Amino acid sequence: MELAALCRWGLLLALLPPGAASTQVCTGTDMKLRLPASPETHLDMLRHLYQGCQVVQGNLELTYLPTNASLSFLQDIQEVQGYVLIAHNQVRQVPLQRLRIVRGTQLFEDNLYYWDQDPPERGAPPSTFKGTPTAENPEYLGLDVPV
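Counting with mature numbering (1 follows the signal peptide of the UniProt record, and there is no 0), you get residues -22 to -1, 1 to 125 for the letters of the sequence shown.
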């Protein structure tokens, strides 16, 4: 690569916001409530898709997960562009400690966040949310989202 091209790339990288070059982006899914094509490899596919991911470009759909599923690979997710769907699971905790924003560019049944069970340690909050999540809404997402 010639020197002028290297300088242009260097300038482009210098203009990026801090941390932008190191942000890990992944695609997300668009299965809604359909059964996985291969239940045996479903968890491995999710792990491969979300391991180290910080920004999900599409939807974060966590469905049909077994009781013993280790979901630690979700812990780095900070932002979801589409919706978050947590449904039909046997697993008890979904570690979304770092999730700060769900933009809702796509919605699931008019909701940007949906889970199909009431979290037991929080009483019975609504199972769907519409609009923009805020820090004043502690039921929106917590350190761990019980399902």
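Built from N, CA and C at the ideal position, the CB exists for glycine as well.
Just so we're clear, the structure is a prediction, and the values are computed from it rather than from any experiment.
If you draw a 10 Å sphere on the C-beta of THR45, you find fewer than 16 other C-beta atoms in it, and that means exposed.
Here the segment 23 to 41 lies against the segment 49 to 64, with 3 or more beta-carbon pairs under 8 Å apart. DSSP lists GLU39, TYR92 as the beta-bridge partner residues of LEU63.
Apart from sequence neighbours up to five positions away, the residues of its chain that approach LEU27 with a beta-carbon distance below 6 Å are CYS4, ordered along the chain. Checking the DSSP bridge columns, you'll see PHE86 partnered with ASN89. LEU85 is a Cβ neighbour of TYR61, given a cutoff of 8 Å. Annotation for HIS20: PRO14, TYR42 place their beta carbon closer than 7 Å to its own, counting only its chain and skipping 5 residues before and after. Rounded to whole angstroms, the gap between the alpha carbons of GLN75 and THR7 is 20 Å. Between THR1 and GLN32, the C-beta gap is smaller than 8 Å, which places the two residues in contact. Around the beta carbon of GLN68, a 10 Å sphere encloses fewer than 16 other beta carbons of the protein chains shown; the residue is thus reported as exposed. Contact between TRP93 and ALA65 holds, with the beta-carbon distance rounding to 6 Å and staying under 8 Å. Of ARG12, GLN71, GLU57, the smallest CA-CA separation from ARG81 is found for GLU57. GLU18 and ILE79 have their C-alpha atoms spaced approximately 31 Å apart.
Between the alpha carbons of LEU90 and ARG70 lies a distance of about 21 Å.
Setting aside the 5 residues that flank it on each side, LEU63 is surrounded in the same chain by GLU39, PHE86, TYR92, each with a C-beta closer than 6 Å to its C-beta; the list follows chain order. The alpha carbon of VAL72 has as its nearest neighbour, out of LEU11, SER16, LEU24, ARG12, the alpha carbon of LEU24.
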